[in-house]
Amino acid sequence: MASSRQRILGWLHPRPQARAWLLLAPGTLWLLVFFLVPILIMLVYSVMPRGIYGGVDPGFTLEHYRRFFDPLYLDILQRTFVWSVACTVICLVLGYPVAYVIARAGRWKSFLLFLVVLPFWTSFLVRTFAMIFLLRDTGLINNWLVKLGVDPIAMLYTPFAVMAGLVYGFLPFMILPIYASLEKLDFSLLEAAEVLGARPAERFRRVTLPLSMPGVVAGCLLVFIPALGSFLTSDLLGGAKEMMIGNLVQNQFSAARNWPFGSAASFIVMALVLAAVMLYLKVKDREQEEAA
Amino acid sequence: MGSRLPRWLIGVTLAVYAFLHLPILVLVAFSFNDSKFSASWVGFTLDWYYRLLERPDIMRGLKASLIVGGVSTVVSAVLGTLVALALARHRFRGRTALEGFLYVPIVTPEIVVGISLLILFALAKIPLGLTTIIIAHVAFSLSFVVIVVLARLEGMDQNLEEAAMILGADEITTFWKVTVPQLWPGILSGALLAFTMSFDDFVITSFVSGSGSSTLPIVVYGMVRRNIEPSINAISTIILLVTTALIYLADRLTTEK
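Protein chains in written order, with our numbering: chain A, -5 to 286; chain B, 2 to 258.
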C-alpha cells in the first residue's frame, strides 16, 4: 500500500497540471455528460423532423422554429416575455427599499437577512400551494371578504394570481444582490452629499442608486431568468388559459408528444437566458472599466 | 449609524416581509385546523398529520426523496469539494473557462435541464427511476457545492498545510489531517444546501422520474392537482420544517469562523 501511494505521489509531484485535472475530472465529466451534452442533443433535436412515438426522425428542418411565428405561439412568447419583465420591475420596486433597510438595520441585520434567505430556499411547490390556499374561491382572502360583506372575487387562474405567484417566488432573488452591493456602500458619502445640500431624492438618484447598480443589475437578471423559464407558477396559479413558454415545453414532452418542437421552445428559453447573461457581463465589464 | 430611516421605508419593508411570510404561516396554521373544507378556524387537531401516516403514496415518496437526497448529496459534496480544491489551489489551462462553465447550470432554467436530460436518458435507453433522478440532482447541485466550498477555501490559512508538509507529512496525510478538518464546515454547508435542493426539487424531477419512483414533491404536486385538502398543509409543514432546519444549520456553519 505505502509503496504504491508513494509511487503515485512521486509521479504526480512534478506534474501539477495532472494533479489539478485529477481533482477536476469527476465533477467536470459529470457536468459535461449530464448537463452540457444533453443541452447540445436538445439543440440537435430541435432541427429534426418529429417522430411518431415521441422521438425524432432523421433529417433536418427549421419547421419547429417557424411555428413560433404562428399567432398562437407568438402570443405565448410575448406573454412570457411581458410577464417576466413585469415581474422583474415589481420585484425591483418592492425589493430595493427592503434591501436598503436591511443594509442599514444595525443589529437586526442578520435576522432580517435570514428571513429573506429562508423563502429563497423554501420549496417552490409549497410556496405556490400557499398562494393557492390564499387566493382560491373558498380561500382565506375571499373568506374575509365575505365576512366583510363583499362578494368573493375570482383570483385563482387569473393573470393576477400568476403575477402574485411569480413576485412571491422570486422577490428574495432581487433583495439579496441589492443588499450585497448596498452593504458595501460607504454611507458617509450620503452624509457628505447631505452636508453639501443635496435633498433626499437627489442623494438617492446621484449617490445611492449609481453605487448599487451592480446589485440592481444582478438582481434583475436573477429574477428575469427563472421567470422566463417558470412553469409551476403558471401551471398551478394560471390554469390552462394563461400558458407561458415553460408550460408549452412541458406540454410537448407529455401530452402533445412533439419532442423536437418542445426542444425548439426550450432552446428559445435558453437563448433568451444566455442573451440576458451576456448583457449582464457586458454591463459589469463596463462598470469595472469605469471604476478603474 | 447615520440618519434615521424614513418611516415609509420601514412601512414598505414590513409589508414585504408580511407578503413573504404570511402565506406560509397561514398554510402552517391551517394544517392544525379541525375542518376539511373551511377556510375559517374551527379548532385544533393533529388529525391531518396522523392521516399522512396512513397514506402509502406519501410514505413511498418520502422514502424515495430521502434515498435520492442522501445519495445525490454525498456524490455532489465529494465531486464539488474536489473541483473547488483544484480551483483554489492549482493554476491550470482553461481555469477561467471552467469557472465560467460552473455558473451555467445555476442560471439555466430548470425546465431546460429537465427536458434535455429526459432526451438523453431516452436516447441512451436508460430507464427512468431513482438512478436517473439522482444523476439529475447531482448535475444541478454540484455547482452550488463548488461555490460554497470555494468560499471557505479562499478564507482558509494555507500556512498550516505548508507547516504540515515541512514537518514531513505527505500530501495525502496533510489533506486528511489538515485540509479536511478546516474545510469541514464548508463541505457540510454545501452538502446541506444540496440536500435541501434535492428534497425540494419538483420541475427537473418531474421529467426524469419513472412511474414507480415518485419523490415527495411529485406526490404533493399530484395532491394539489386533484383537490385541495388539509393533508397537503400537513405534508407542506413537514417539508418546511425539514428545509428550515437544514438552512438554519447551513447558515450557522457558513457564518461561524
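Idealized CB from N, CA, C, for every residue including glycine.
Chain D contact residues for residue i, given Cβ-Cβ distances below 9 angstroms
i, result
"H138 of chain B", "Reference to chain D is not applicable here, since the protein chains of this structure are A and B."
Where residue i sits in the DSSP three-state scheme
i, result
"R98 of chain A", "coil"
"A246 of chain B", "helix"
"N34 of chain B", "strand"
"V50 of chain A", "strand"
"F122 of chain B", "helix"
"K258 of chain B", "Confidence at K258 of chain B is low in this model, with a pLDDT of 47, below 50, so the placement of that residue should be treated as unreliable; the coordinate-derived value is given next. Correct three-state label for K258 of chain B: coil."
"R60 of chain A", "helix"
"F45 of chain B", "strand"
"R130 of chain A", "coil"
"R44 of chain A", "strand"
"A251 of chain B", "helix"
"D279 of chain A", "helix"
"M2 of chain B", "Confidence at M2 of chain B is low in this model, with a pLDDT of 42, below 50, so the placement of that residue is unreliable and no value is reported for it."
"E162 of chain B", "helix"
"H7 of chain A", "coil"
"E294 of chain A", "Lying before the first or after the last residue shown, residue 294 of chain A is absent from chain A, which here runs from -5 to 286."
"E252 of chain A", "Sequence inspection shows Asn at residue 252 of chain A; the Glu mentioned does not correspond to that position. The answer is coil: DSSP assigns N252 of chain A none of H, G, I, E or B."
"S212 of chain B", "coil"
Residue nearest to residue i in terms of C-alpha spacing, selected from the options
i, options, result
"N160 of chain B", "B:L53, B:R90 and B:S73", "B:R90"
"L231 of chain A", "A:V110, A:A155, A:M36 and A:G45", "A:A155"
"A251 of chain B", "B:V225, B:S190 and B:L168", "B:S190"
"T244 of chain B", "A:V210, A:T116 and A:W77", "A:T116"
"T238 of chain B", "B:P186, B:G70 and B:N34", "B:N34"
"S73 of chain B", "B:S144, B:G187 and B:L168", "B:S144"
"R52 of chain B", "B:S232, B:L151 and B:I248", "B:S232"
"S248 of chain A", "B:P218, B:F208, B:D202 and B:S215", "B:F208"
"R73 of chain A", "A:P204, A:L184 and A:I239", "A:I239"
"P7 of chain B", "A:L203, A:P194 and A:T227", "A:P194"
"L86 of chain B", "A:V144, A:L275, A:A19 and A:V140", "A:A19"
"K178 of chain A", "A:A186, A:A187 and A:L205", "A:L205"
"T197 of chain B", "B:I167, B:R226, B:L247 and B:K37", "B:L247"
"Y173 of chain A", "A:I147, A:P254 and A:G89", "A:G89"
"L217 of chain B", "A:L106, A:L30, A:I126 and A:V120", "A:V120"
"L26 of chain A", "B:L10, B:V114 and B:L67", "B:V114"
Contact set between residue i and chain A, taken where Cβ atoms lie within less than 7 angstroms
i, result
"A40 of chain B", "T132, G133, L134 and N137"
"E111 of chain B", "G223"
"V221 of chain B", "L119"
"A87 of chain B", "A14, L17 and L18"
Residue i: contacting residues in chain B (beta-carbon distance under 7 angstroms)
i, result
"P65 of chain A", "Ordered by position in chain B, no residue passes the 7 angstroms Cβ test against P65 of chain A, which lies about 23 angstroms from the chain."
"I147 of chain A", "In chain order: nothing, as chain B lies at least about 14 angstroms away."
"P91 of chain A", "L10, V13 and T14"
First through last residue of the alpha helix (DSSP H) which encompasses residue i
i, result
"L25 of chain A", "P10 to L25"
"K103 of chain A", "K103 to W115"
"M36 of chain A", "V31 to Y39"
"Y104 of chain B", "R96 to V108"
"L143 of chain B", "L131 to E155"
"I229 of chain B", "First-last for I229 of chain B: undefined, no H or E at that position."
"W185 of chain B", "V181 to D201"
"V144 of chain A", "Segment: none, V144 of chain A is in no alpha helix (DSSP H) and carries neither H nor E."
"E177 of chain A", "P153 to E177"
"K235 of chain A", "No alpha helix (DSSP H) contains K235 of chain A, which DSSP labels as neither H nor E."
"E196 of chain A", "P194 to R197"
"S77 of chain B", "P57 to R90"
"A221 of chain A", "M207 to L222"
Proximal residues of chain B, C-beta to C-beta of residue i below 9 angstroms
i, result
"M125 of chain A", "P24"
"R(-1) of chain A", "D171 and I173"
Contact set between residue i and chain A, taken where Cβ atoms lie within less than 8 angstroms
i, result
"D252 of chain B", "F108 and V111"
"T245 of chain B", "L112 and T116"
"S142 of chain B", "Neighbours of S142 of chain B on chain A: none; closest Cβ ~11 angstroms, over 8 angstroms."
"L80 of chain B", "P20, G21 and W24"
Cβ-heavy atom distance, residue i to the ligand GDP, below 7 angstroms
i, result
"T74 of chain A", "The ligand content of the structure shown is nil, which means the ligand GDP is not present either."
Neighbour list for residue i in chain A, Cβ cutoff strictly below 9 angstroms
i, result
"T74 of chain B", "Going along chain A, no residue has its Cβ under 9 angstroms from T74 of chain B, so there is no contact; the nearest lies around 14 angstroms."
Could you please tell me which residues of the stretch 193 to 213 of chain A, in chain order, have their CB closer than 7 angstroms to any CB of chain B? none
Chain-ordered residues of the stretch 212 to 235 of chain A with a beta carbon less than 7 angstroms from chain B: I219, P220, L222, G223, F225, L226 and L230
If the cut-off is 8 angstroms on Cβ atoms, which residues from the stretch 7 to 37 of chain B count as contacting chain A, listed in chain order? P7, L10, I11, V13, T14, V17, Y18, F20, L21, H22, P24, I25, V27, L28 and F31
Residues in the stretch 163 to 180 of chain B with C-beta within 9 angstroms of chain A's C-beta atoms, listed in sequence order? D171, E172 and I173
Any residues in the stretch 33 to 44 of chain A with a beta carbon nearer than 7 angstroms to a beta carbon of chain B? Which ones, in chain order? I33, I35, M36 and Y39
Between the stretch 188 to 206 of chain B and chain A, which residues of the former have a C-beta closer than 7 angstroms to a C-beta of the latter? T197, D201, F203 and V204
Selection of the stretch 47 to 75 of chain B by Cβ proximity to chain A, strictly under 9 angstroms: none
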